[in-house]
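What follows is one structure encoded as structure tokens, with my remarks underneath.
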Amino acid sequence: MSDVTLDEVKKRAQAAGLTLREDRLEMVRRLLTDALAPLRKTDSRAVQAIEPAVTFDATGGGTADGT
Amino acid sequence: MARDDLHYASIRDLGQRFRERKLSPVELTTALLERIEALEPKLHTFVTVTAERALADAKAAEAALGRGDTRPLLGIPVGYKDLYFTRGIKTTAGSALLENWVPTTDATCVTRLQDAGCVMLGKLITHEFAWGIQTPEHRFKPARNPWNLDHIPGGSSSGSGAALAAGLCVGALGSDTGGSIRGPASFSGIVGLKPTYGRCSRAGVVTLSWTLDHTGPMARTVEDCAYLLQALAGHDPADPASSRAPVSDYVTPLGASVRGFKIGVPARDFFLEGADPEVARAFEQALQTLQTLGADVRDVPLPHIWDSPSFMVIMASEAFAYHERDVRERPEMYGDLLRERLVHGGLYTSAEYVQAMRLRERLRREMLGVLGTVDLLATPTSPKPAPTFATMYDTSLGFPRSNTPPFNISGLPALALPCGFSTRGLPLSLQLAGRPFDEATVLRAGHAYERATEWHTRRPPV
Numbered sequence: 000m001s002d003v004t005l006d007e008v009k010k011r012a013q014a015a016g017l018t019l020r021e022d023r024l025e026m027v028r029r030l031l032t033d034a035l036a037p038l039r040k041t042d043s044r045a046v047q048a049i050e051p052a053v054t055f056d057a058t059g060g061g062t063a064d065g066t
Numbered sequence: 000m001a002r003d004d005l006h007y008a009s010i011r012d013l014g015q016r017f018r019e020r021k022l023s024p025v026e027l028t029t030a031l032l033e034r035i036e037a038l039e040p041k042l043h044t045f046v047t048v049t050a051e052r053a054l055a056d057a058k059a060a061e062a063a064l065g066r067g068d069t070r071p072l073l074g075i076p077v078g079y080k081d082l083y084f085t086r087g088i089k090t091t092a093g094s095a096l097l098e099n100w101v102p103t104t105d106a107t108c109v110t111r112l113q114d115a116g117c118v119m120l121g122k123l124i125t126h127e128f129a130w131g132i133q134t135p136e137h138r139f140k141p142a143r144n145p146w147n148l149d150h151i152p153g154g155s156s157s158g159s160g161a162a163l164a165a166g167l168c169v170g171a172l173g174s175d176t177g178g179s180i181r182g183p184a185s186f187s188g189i190v191g192l193k194p195t196y197g198r199c200s201r202a203g204v205v206t207l208s209w210t211l212d213h214t215g216p217m218a219r220t221v222e223d224c225a226y227l228l229q230a231l232a233g234h235d236p237a238d239p240a241s242s243r244a245p246v247s248d249y250v251t252p253l254g255a256s257v258r259g260f261k262i263g264v265p266a267r268d269f270f271l272e273g274a275d276p277e278v279a280r281a282f283e284q285a286l287q288t289l290q291t292l293g294a295d296v297r298d299v300p301l302p303h304i305w306d307s308p309s310f311m312v313i314m315a316s317e318a319f320a321y322h323e324r325d326v327r328e329r330p331e332m333y334g335d336l337l338r339e340r341l342v343h344g345g346l347y348t349s350a351e352y353v354q355a356m357r358l359r360e361r362l363r364r365e366m367l368g369v370l371g372t373v374d375l376l377a378t379p380t381s382p383k384p385a386p387t388f389a390t391m392y393d394t395s396l397g398f399p400r401s402n403t404p405p406f407n408i409s410g411l412p413a414l415a416l417p418c419g420f421s422t423r424g425l426p427l428s429l430q431l432a433g434r435p436f437d438e439a440t441v442l443r444a445g446h447a448y449e450r451a452t453e454w455h456t457r458r459p460p461v
């Protein structure tokens, strides 16, 4: 697991075509570091087969058209 | 009825007085409008006070009472977080971008409370677009905590929490993407319920994050929350995530014993990490109280809880998707803090979003597995009491830690209720979470705890 660096924040912003205020770079670096820490310590291929898929549940789910 | 009793009366008490003709909805509404006028200069809880509408609603309620109408919310004055659409009434989302926007429809939740007979007092300030606390130069002033004006009342349903604590309304609507109902409940010393994802409609509520947004009630007691939920819950075809799960009776089971309830205390190392000692002490005392009431309290493992900070990848990415055009084309219309938070949401990769959703599902399954062995989970709502405004403005301190996002990730119902006070007089809060669509059990346990304690009866020095 590695922290996000200020240089990485700047590169990500450049790639996204977004501008960050210089005095907020550290705040954003901390946000990215904390949020990405669980992902960076996880080998995604080793995670049990879980997909971010839509599920349909007869009691708890349902869609707008009632299906 | 003395004025102070009137301002802090419960829905049940008020309804009884209405029906005994000892109080009228117009008298109550007038008293609350006077209190709002007196306290608003220091609390800043309302963006818009709808006094004429409130009195018209109160007169209609009075007429209905005269016809023998016995609906429990008839004549009950409420406020709506200014994220909820209100037809013909400004809905700002706490943002300069929507400063003068007037919707042509009501949010479904607003319609349901108005149809139940509630009186609309006005629109309550929210953190900007439910995520950006108002800094001193912001277009809107931030709501202040009635327990100590130097502290935040929590957010993003900041006006809802502060107004309830100050006795300015009887009930309120909040929204909760990462804790925005339960955080203000915790910091303001009131009760807030984030129902199961899909239980209450999000139609007509400004989006922060589609897969994490929840709507729900806020009040001063668990029973009042139950009354409000009873009116709010149910399928809404206008909300794609709305559930068709049957709506339970939330009010009648209140008062029943919790003897034999199994209450799990998950991952103390996570939920008490960095906790203020007073929070930890109040939490342990709350667990003891629940044990005294007959609950079986036990520790339960939740190893993947440490993945929950990846919640921010999901929330920020979805928020950026919602705001991208305005953030790129009109960045000056956003407050400084929110703009940078939104921009940061544009820095995650698509692969990171997908991985965060996979970790989310793994944690959700784990939580459901634990709830196969216990009826409820208990944690402190917040690891610390309400911070000061100065602390919140200091972005070098990072995003404040909260115990609420795991229940947005999982969609499980979670209730925040008072469980003590710090030595500085700031409220402390207990969080109880349950199985999907089992709000009735969550409320029943919360009500049993509330009846055994006196924290909810204390009033702030305003």
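These protein sequence lines map, in sequence, to chains A and B. Note that numbering that gives the first Met the number 0 has the first sequence beginning at 0, numbered continuously upward. Note that numbering that gives the first Met the number 0 has the second sequence beginning at 0, numbered continuously upward. We put the beta carbon where it would ideally sit given N, CA and C, even for glycine.
- Counting along the chain, the unbroken alpha helix (DSSP H) around B:ASP325 starts and ends at 310 to 328.
- If you look at B:VAL118, you'll find it in the beta strand (DSSP E) that goes 118 to 123.
- B:ARG400 carries a coil assignment under DSSP once its states are collapsed to helix, strand and coil.
- Interface annotation for the region 24 to 38 of chain A against chain B: GLU25, MET26, VAL27, ARG29, LEU30, LEU31, ASP33, ALA34, LEU35, ALA36, PRO37, LEU38, criterion Cβ-Cβ distance under 7 Å.
- Taking the Cα positions, B:ALA432 is about 32 Å away from B:VAL461.
- Sequence-distant partners of B:SER421 (beyond 5 residues in either direction) whose C-beta falls short of 6 Å from its own C-beta, in its chain, are GLU277, PRO384.
- Listed in chain order, the non-local C-beta contacts of B:LEU442 below 6 Å within the same chain comprise VAL221, ALA225, TYR249, local neighbours out to five positions each way being set aside.
- Neighbours of A:ARG20 across chain B, judged by C-beta separation under 7 Å: GLU339.
- The alpha-carbon of B:GLU98 is positioned some 10 Å away from that of B:VAL46.
- Taking C-beta separations shorter than 7 Å and ignoring five residues to either side along the sequence, the partners of B:ASP235 in its chain run THR107, SER200, ALA202, SER241, following chain order.
- Within chain A, no residue has its CB atom less than 7 Å from the CB of B:HIS126, the nearest being about 16 Å off.
- Per DSSP, B:ASP223 is not a residue of any beta strand (DSSP E); the alpha helix (DSSP H) it occupies stretches across 221 to 231.
- If you check each beta-carbon in the region 199 to 231 of chain B against every beta-carbon of chain A, none falls closer than 7 Å.
- Contact annotation for A:GLN47 against chain B: ARG361 [CB-CB distance below 8 Å, chain order].
- For B:LEU358, the closest Cβ of chain A is nearer than 8 Å.
- Distances from the alpha-carbon of B:LEU54 to those of B:ARG111, B:GLY14, B:VAL118, B:ALA37 put B:VAL118 closest.
- Interface residue (Cβ-Cβ distance to chain B less than 8 Å): A:ARG44 is not classified as such.
- Taking 8 Å as the cut-off, the beta carbon of B:VAL373 is found no closer than this to the beta carbon of B:GLY259.
- Under the 10 Å beta carbon count, B:ARG111 is surrounded by 16 or more other beta carbons and is classified as buried.
- For B:HIS446, the enclosing alpha helix (DSSP H) starts and ends at 438 to 451.
- Runs of the alpha helix (DSSP H) spanning 4 or more residues and lying entirely within the region 319 to 386 of chain B occur at 335 to 344, 349 to 369, in chain order.
- For a Cβ distance threshold of 8 Å, residue set ASP306, GLN354, LEU358 of chain B lies close to A:THR41, ordered along the chain.
- At a cut-off of 8 Å between C-beta atoms, B:GLU331 does not count as an interface residue with respect to chain A.
- At a C-beta separation below 7 Å, A:LEU5 has no neighbours in chain B, since its nearest C-beta there lies roughly 13 Å away.
- In the three-state reduction of the DSSP assignment, A:ASP22 falls in the helix class.
- Under DSSP, B:GLU127 takes part in a beta bridge, and its partners are B:GLY131.
- Sequence-distant Cβ neighbours of B:GLY116 in its own chain, meaning closer than 6 Å and more than five residues away, are ALA60, ARG70, LEU72, LEU73.
- DSSP places B:ASP149 outside both helix and strand once states are collapsed to three, so it counts as coil.
- According to DSSP, residue pairing for B:ASP175 in a beta bridge involves B:HIS213.
- Per DSSP, B:ARG11 lies in no beta strand (DSSP E) segment; the continuous alpha helix (DSSP H) that holds it begins and ends at 10 to 18.
- Counting along the chain, B:LEU54 sits inside the alpha helix (DSSP H) bounded by residues 50 to 65.
- With contacts defined by Cβ atoms closer than 8 Å, B:GLY93 and B:GLN133 form a contacting pair.
- Three or more beta-carbon pairs drawn from the region 141 to 154 of chain B and the region 162 to 172 of chain B are found closer than 8 Å, and the two stretches are therefore classed as touching.
- Residues of chain A whose Cβ lies closer than 7 Å to the Cβ of B:HIS322 do not exist, since the nearest Cβ in that chain is about 12 Å away.
- In the structure shown, the three-state DSSP call for B:LYS193 is strand.
- Counting C-beta atoms within 10 angstroms of its own C-beta, B:SER256 has fewer than 16 neighbours from the protein chains shown and is therefore classed as exposed.
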